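Visitor:
Chains as they are written, first to last, in my numbering: chain H, 135 to 497; chain R, 164 to 838.
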């Protein structure tokens, strides 16, 4: 079986390789090992994402190099990113996978950040979405269109990984809806947060799309949880629209419109939207180090594009990544810019909010 | 009955899946790979699984599962070799095995200890699988009963094992445990991110110390240094007859103990959030508490091996429950396992809440593949144990440099920085001092391991309980004092009372004579100084991050009270009192080499690594050590060095790892492995 699979792999990769060479000006990576650095531990969502892409990338790159995922965790991914900043382009055998947790400290002027997104070369931007959900009995108290006024008096507990992480987006969203949410910190992964919800200790939670599909859908079917809203997705004009993975679910914007306490304009909304864009539609990105020549960038860009043209890509990626854009080329560049170029006003708002609400001081 | 009706056909399907020749073949392949990796301390399942990951894509599910489970299942079996033979805890699963296993090896009973351990492991694995087959169907609601207060109580129950392992002076054990907890709080607080005993200028400390480094430092380094100073073989007498068969008989004689400890293993392993790090201590505590004659524990009682080893393989089975049913990995290797399963076949197996409903046959296949891997692994291990046990008869000076190479490499895997080696050396020094002055090292390690969960669950339980109390007094009380919590409190109190009464009989590290007053006093003052500094360091954490302040301040206060009481006792007692235990005062005649001279060798390795990188430093170290310290000829030394370097390079290459670079590497570019 293994032999057969390997044979099939070799065949497809040979096809892809000839295809790419025909387009010329590519770097050849045959016999080399591409190291894909993930600044998190082996256990996180970024590891899953990289492990999904690594074998496909190996097939799609010219010369079929071995692609290994290596982990350099520490200091909420800033350690690995700082180390990548120190590297310069050699022969295209080092790539880096960043995540929303790498973007946020960068945006919030975390003192540990010594990296600069502008120096790197993006070759893939993977989006995702998020879904907030409630226990069924609380969900029943929502008003028309998901109006949050009915549950404004509830004491909410939420298992959080930290207010400066991606959790910033749901925490700010709930505050805008007028909910009293007390985050319980020290959760090690969103899975632990879901477990806390299942045990009845937390009574509000959110999961990223793929975790929602695998972890919360069974709870919804069992009648213990009910989805409330998705954060939404971005259309080509930068508007928040319904998430393609959850087309029947209202977006946060719709819920906010239905809730009198919440406003879809003003600095709070702008800040939320800016950080949502930084954290979700281009959550995970692949970079070549500073100084990478155009042909190397083109090689990786084409490889990632070729992966998405596989006939089975839609099927194998649906469960692992959800139905989200996997952007390459100019689209990835645009996604990178919108994710890292957050208006100063939004940054200031969030920095103030973090310090007022959670006492987090970022020197 | 309905349960039975769903379980039986699935179980049937599972066995039909497993019992195919090629599946068994891949299982054996996985087992062999797992054994090869498991014998090296500190690498464990994560390294092995990462190695397999690239091959999993599109592989036939059962085959891939067989390969992976074969590898994961035997790591807690094969790391017993390092625990028993060298006194090195290979992973958190084999910490407690060191306590009685290693003294047995020193007495020439290595083969017996190993085979008793393997027989127990095998049995534990099978009991775990049998229990899970039934339990897994009903597990979900039961697991959900364990809320944060329950998790906190289990953690405290684990900490109460310190009572049994505290040694002759209970206060010393208590302070050692406090010290362990405080070392565990180093770094960024889990709650508000406040820094404790670290600064952003030293990024290494911000993430805290890893168990690999602390375990190796506190147990392995002191033992290696002590053995090296005696300059003999590990076993101080010729091996006694009987060998492996005696060990199996020992296990059979204690089969009920083995059953009980297996059940402890599987039940504690089922509870998500603790990662099984307490299991072997609880099993060891249980073994001691239920034994009639306790006088030999700590100096080579075979029951002290059977208990923890029965529990640690059973725990792997139990650990599958949170992994498979909730999609929440109980350990690092389980996390990789989850992502690897998603790569298998068409990705149709989804680990998580839907597993039981959609893939019950696969669930059973996983449970029984685990059991089968245990059988295969144990047979291989027992067959090999007689031969491998001969390592204890080799002159230690020839073994030590090799061990140091392995330990340094393993420690470096923690963060892949030169600071890993510095931390290893520092903790090693602490371990040496604790061993010298008879401070309980197991107590320190229990404290360290349970520090993070104890703090996390305390803070979370407090926060959630506060919210419940706001809703109503009764709701709050119901939350905190659930029936499970009350039962756990009673068990813990009993265990502490029984433990403290018996602690005097259990000399976990053998008898130590008392010497002069000065050296033990200086060590106590140094420990007090560190705890006081931690207290101050935590106390200055500002109010907005108070959740990160409370726990270290509380533990440091406890530690300081202990230190003060010890100080009073020391001033009052006379020199022969056990409180002044000091190995250096009597063992002079046994030691050929001085402590500091021996340590200097390893300090040299460390400094040289920082200058020219690990491999170059290692070459110089091995060559000079074998030539000068072991007194062999240059030819032999050169050969030894070449073999050692070749071995470590082969291992690093297979596992795709690098070595610590030094200053030299920042100036000149060198090819691998010199980088």
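A virtual CB, placed ideally from N, CA and C, is assigned to each residue, including glycine.
Nothing here was measured: the structure is a model prediction, and the numbers come from that model.
Just how far apart, CA to CA, sit residue 836/R and residue 422/H?
Guide: Straight-line Cα distance between these residues: approximately 24 Å.
Visitor: List the residues of chain R whose Cβ lies closer than 7 Å to the Cβ of residue 213/H, in chain order.
Guide: Those are 366, listed as they occur along chain R.
Visitor: Grab the span of the alpha helix (DSSP H) containing residue 432/H for me, first residue to last.
Guide: Counting along the chain, the alpha helix (DSSP H) containing residue 432/H begins and ends at 428 to 442.
Visitor: What whole-angstrom Cβ distance do residue 264/H and residue 341/H have, given they're in contact under 8 Å?
Guide: About 7 Å; that satisfies the 8 Å criterion.
Visitor: In whole angstroms, what separates the C-alpha of residue 541/R from that of residue 236/R?
Guide: Whole-angstrom Cα-Cα distance: 10 Å.
Visitor: To which residues of the same chain is residue 490/R closer than 6 Å at the C-beta, ignoring the five residues directly before and after it?
Guide: Excluding residues within five positions, the ones whose Cβ falls inside 6 Å are 514, 515.
Visitor: Can you tell me where the alpha helix (DSSP H) holding residue 568/R begins and where it ends?
Guide: Unbroken alpha helix (DSSP H) run through residue 568/R: 559 to 575.
Visitor: Can residue 250/R and residue 382/R be called in contact, C-beta distance under 8 Å?
Guide: Against a cut-off of 8 Å, the Cβ pair of residue 382/R and residue 250/R comes out as a contact.
Visitor: Could you have a look at residue 304/R and say whether DSSP puts it in helix, strand or coil?
Guide: If DSSP states are grouped into helix, strand and coil, residue 304/R belongs with the helices.
Visitor: Three-state secondary structure (DSSP) at residue 146/H?
Guide: Confidence is the limiting factor: at residue 146/H the pLDDT is only 41, short of 50, which leaves the residue's position unreliable, though a coordinate-based value still follows. Residue state, collapsed to three classes: helix.
Visitor: Expressed to the nearest angstrom, what Euclidean distance is found between the alpha-carbon atoms of residue 423/R and residue 286/R?
Guide: Approximately 11 Å, taken between the alpha carbons.
Visitor: For residue 120/H and chain R, any beta-carbon pair shorter than 8 Å?
Guide: The shown model of chain H, from 135 to 497, leaves out residue 120/H, and the question about it has no answer.
Visitor: So, does the CB of residue 326/H fall closer than 8 Å to a CB anywhere in chain R?
Guide: So yes, residue 326/H belongs to the interface.
Visitor: Beta carbon of residue 719/R, beta carbon of residue 694/R: below 8 Å?
Guide: Yes; because the gap between Cβ atoms is below 8 Å, this pair is in contact.
Visitor: For residue 299/H, which residues in the same chain have their Cβ closer than 6 Å to its Cβ, ignoring the five residues on either side in sequence?
Guide: These residues qualify, in order along the chain: 235.
Visitor: Does residue 269/H come out as helix, strand or coil in the three-state DSSP assignment?
Guide: Note: residue 269/H maps to strand in three-state DSSP.
Visitor: Going by CA-CA distance only, name the one from 197/H, 260/H, 377/H, 309/H that's closest to residue 396/H.
Guide: The option with the nearest alpha carbon to residue 396/H is 309/H.
Visitor: Please check if any C-beta of chain R sits within less than 8 Å of the C-beta of residue 296/H.
Guide: Yes, contact with chain R.
Visitor: What are the residues that DSSP puts in a beta bridge with residue 351/R?
Guide: According to DSSP, which records beta bridges pairwise, residue 351/R is partnered with 358/R.
Visitor: Could you name the residues of chain R that residue 291/H contacts, counting a contact when the two beta carbons are closer than 7 Å?
Guide: In chain order: 627, 630.
Visitor: Would you say the beta carbon of residue 554/R comes nearer than 7 Å to a heavy atom of the ligand ATP?
Guide: The ligand ATP is absent from the structure shown, which contains no ligand whatsoever.
Visitor: If you compare alpha carbons, which of 343/H, 221/H, 251/H is closest to residue 267/H?
Guide: Considering only alpha carbons, the answer is 343/H.
Visitor: Can you list, in chain order, the residues of its chain whose CB lies under 8 Å from that of residue 204/H, leaving out five sequence neighbours each side?
Guide: So the list reads 169, 170, 171, 172, once near-sequence residues are dropped.
Visitor: Counting contacts by CB-CB distance shorter than 8 Å, is residue 307/R in contact with chain H?
Guide: Residue 307/R counts as touching chain H.
Visitor: Select from 581/R, 665/R, 487/R, 298/R the residue whose C-alpha is nearest the C-alpha of residue 459/R.
Guide: When each option's Cα is compared against that of residue 459/R, the closest is 665/R.
Visitor: Out of curiosity, what's the CA-to-CA distance linking residue 155/H and residue 447/H?
Guide: With a pLDDT of only 43 at residue 155/H, under the threshold of 50, the placement of this residue in the model should not be trusted, and no figure is reported.
Visitor: Using a Cβ cut-off of 8 Å (strictly closer), state whether residue 578/R contacts chain H.
Guide: Yes, contact with chain H.
Visitor: Residues of chain H with a CB under 7 Å from the CB of residue 216/R: which are they?
Guide: In chain order: 185.
Visitor: Any idea what DSSP makes of residue 721/R, helix, strand or coil?
Guide: Note: residue 721/R maps to helix in three-state DSSP.
Visitor: I'd like to know if residue 243/R contacts chain H, where contact means its C-beta is closer than 8 Å to some C-beta of that chain.
Guide: Residue 243/R does not count as touching chain H.
Visitor: Would you say the region 596 to 605 of chain R touches the region 332 to 343 of chain R, given that touching needs at least three Cβ pairs under 8 Å?
Guide: Yes, they touch.
Visitor: Can you tell me which of 818/R, 302/R, 813/R, 283/R puts its alpha carbon nearest to the alpha carbon of residue 443/R?
Guide: The shortest C-alpha separation from residue 443/R is found at 283/R.
Visitor: First and last residue of the alpha helix (DSSP H) that includes residue 329/H?
Guide: Note, residue 329/H: alpha helix (DSSP H), 324 to 332.
Visitor: Can you tell me whether residue 810/R is buried or exposed? The criterion is at least 16 other CB atoms within 10 Å of its CB, across all chains shown.
Guide: Answer is exposed; the Cβ neighbour count stays below 16.
Visitor: Does the contact criterion of 3 or more C-beta pairs under 8 Å hold for the region 635 to 646 of chain R versus the region 366 to 383 of chain R?
Guide: No: fewer than three Cβ pairs fall under 8 Å.
Visitor: So the alpha helix (DSSP H) residue 170/H belongs to, where does it begin and stop?
Guide: Per DSSP, residue 170/H belongs to no alpha helix (DSSP H); it is in the beta strand (DSSP E), 167 to 172.
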